[in-house]
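Peer 1: Under numbering that gives the first Met the number 0, the residue at position 127 of the sequence shown is numbered 126, and the numbers go up by one with no gaps. Backbone N, C-alpha and C fix where the C-beta goes; we use that ideal spot for every residue, glycine too. Remember, predicted model here, so these are calculated numbers, not experimental data. Structure in structure tokens, see below.
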Amino acid sequence: MTHPHLRVETDGPVRTLTLDHPEKRNAQTPSLWAALAEEARSVPEDVRVVVLRGAGDAFSAGIDTAMFSPAGVPGEESVAELARGGPEGIDRGIAAYQQGFTRWAECPAVVVAQVHGYAIGAGFQLALAADLRIAALDAWFAMRETSLGLVPDLGGTGPLVHLVGYARALEICATGRKVSAPEAHAIGLVGSLAPAADLDEATGSLVDALLAAPAPALRALKPLLRAAAAGERADQLARERRAQIGLLQALLGGPAS
């Protein structure tokens with residue numbers, strides 16, 4: 000186990016990563032993002048599909064909001080500590096956090112997010128970090144960062160715009176509203192749906208279909224299609240960080256830029 004709240008299981012060519020902190024609805028922290036980045040970097044060549052899922056009744060409730068409190072989360076960098084580094088420190092910190100999401104695009108395996116319950120904020124962005132998304136009919140997605148006076152900054156803005164278009168992405172992020180699984184499917188955010196009771200089986204069927212493709216072709220296809228869709232990805236990540244710096248400083252009473 001690489002992290003106390005991340006369970007990693009491998010069955011032949013399939014590796015399953017389970018966010019495993021159900022009592023906090025799989026809320027995320029910097030140490031979890033570091034573990035996710037390391038997992039993405041270390042997927043062995045014989046693993047062809049990675050499944051990201053959540054334990055309990057939700058995929059992920061997003062960032063652990065205790066990070067915004069004065070006490071923070073024991074053993075984790077708090078938002079206040081991040082902000083004390085000034086613009087350069089915030090930029091470096093968020094760049095490190097982003098690795099837990101963006102590294103999955105570079106992982107040679109096809110990454111499938113299996114979403115049930117809800118995927119909020121960082122949870123939504125982790126689902127967007129996958130190549131494919133399958134969701135239970137009871138799932139819903141929301142970008143709630145704007146309710147905190149912030150913006151999504153974990154690599155999710157680019158994939159969201161690519162999937163649903165600029166105007167719809169703006170509306171989803173600015174309002175922070177819930178996007179139901181049927182709507183997510185209709186707008187292209189989710190590729191397929193299944194009843195909650197059948198989600199594991201449906202995910203298994205999708206994985207089997209991916210594994211039916213010849214391994215070299217599948218391995219070559221992912222970077223080929225991502226390069227066509229992503230454009231200048233590093234520029235978008237830098238824009239996320241720049242947008243967040245002033246907002247984060249203002250939120251914590253520091254100088255706004």
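Quick test of the definition: if touching needs 3 or more C-beta pairs under 8 angstroms, does the stretch 28 to 38 touch the stretch 68 to 81?
Peer 2: Yes, they touch.
Peer 1: How is the beta strand (DSSP E) around residue 191 delimited, first residue to last?
Peer 2: Within the sequence shown, the letter at position 192 stands for residue 191. Its beta strand (DSSP E) spans residues 191 to 193.
Peer 1: Alpha carbon to alpha carbon, how far is residue 198 from residue 49? Give it in angstroms, no decimals.
Peer 2: Stepping through the sequence shown from its first residue, residue 49 is reached at position 50. Stepping through the sequence shown from its first residue, residue 198 is reached at position 199. The alpha-carbon atoms of residue 49 and residue 198 are separated by roughly 16 angstroms.
Peer 1: What separation, rounded to the nearest whole angstrom, lies between the Cα atoms of residue 154 and residue 101?
Peer 2: Here residue 154 refers to the residue found at position 155 when the sequence shown is read from its first residue. Here residue 101 refers to the residue found at position 102 when the sequence shown is read from its first residue. Computed Cα separation, rounded: 6 angstroms.
Peer 1: With distances taken from CA atoms, which of 215, 248, 32 is nearest residue 271?
Peer 2: Outside the shown range of the chain, which is 0 to 256, sits residue 271, and nothing can be said about it.
Peer 1: Could you check where the beta strand (DSSP E) with residue 10 kicks off and where it finishes?
Peer 2: Here residue 10 corresponds to residue number 11 of the sequence shown, with the count starting at 1. Per DSSP, residue 10 belongs to the beta strand (DSSP E) from 5 to 10.
Peer 1: For the beta strand (DSSP E) containing residue 119, list its first residue and its last residue.
Peer 2: Taking the first residue of the sequence shown as position 1, residue 119 is located at position 120. Residues 117 to 119.
Peer 1: Any idea if residue 223 is buried or exposed, counting beta-carbon neighbours within 10 angstroms, 16 or more meaning buried?
Peer 2: Numbered from its first residue, the sequence shown carries residue 223 at position 224. Exposed.
Peer 1: For residue 89, which three-state DSSP category applies?
Peer 2: As a first step, residue 89 is located in the sequence shown; it is residue number 90 there, counting from the start. Of the three classes helix, strand and coil, the one that applies to residue 89 here is helix, per DSSP.
Peer 1: Please name the residue or residues paired with residue 139 in a DSSP beta bridge.
Peer 2: For the purposes of this step, residue 139 is taken as the residue at position 140 of the sequence shown. Residue 139 pairs with 117, 179.
Peer 1: Along the chain, where does the alpha helix (DSSP H) containing residue 15 start, and where does it finish?
Peer 2: Here residue 15 refers to the residue found at position 16 when the sequence shown is read from its first residue. Note, residue 15: premise wrong, no alpha helix (DSSP H); beta strand (DSSP E) at 13 to 18.
Peer 1: Find out if the Cβ-Cβ distance for the pair residue 145, residue 175 is shorter than 8 angstroms.
Peer 2: Position 146 of the sequence shown holds residue 145. Position 176 of the sequence shown holds residue 175. Against a cut-off of 8 angstroms, the Cβ pair of residue 175 and residue 145 comes out as a contact.
Peer 1: Cutting at 6 angstroms between CB atoms, please list the residues of its own chain near residue 179, excluding the five before and the five after it.
Peer 2: By 1-based counting over the sequence shown, the position of residue 179 is 180. 139, listed in sequence order.
Peer 1: So within the stretch 50 to 105, which uninterrupted alpha helix (DSSP H) runs reach at least 4 residues, ignoring any that extend past its ends?
Peer 2: Those alpha helix (DSSP H) runs which fall completely within the stretch 50 to 105 and span 4+ residues are 78 to 82, 85 to 105.
Peer 1: In whole angstroms, what separates the C-alpha of residue 80 from that of residue 92?
Peer 2: Residue numbering aside, residue 80 sits at position 81 when the sequence shown is read from its first letter. Residue numbering aside, residue 92 sits at position 93 when the sequence shown is read from its first letter. The alpha-carbon atoms of residue 80 and residue 92 are separated by roughly 10 angstroms.
Peer 1: By how many angstroms is the C-alpha of residue 212 removed from the C-alpha of residue 62?
Peer 2: Numbered from its first residue, the sequence shown carries residue 62 at position 63. Numbered from its first residue, the sequence shown carries residue 212 at position 213. About 36 angstroms.
Peer 1: With a 10 Å radius around its C-beta and 16 neighbouring C-beta atoms as the bar for buried, classify residue 99 as buried or exposed.
Peer 2: On the sequence shown, residue 99 is found 100 positions in, with the first residue counted as 1. The residue in question, residue 99, is buried, as its Cβ has 16 or more Cβ neighbours within 10 Å.
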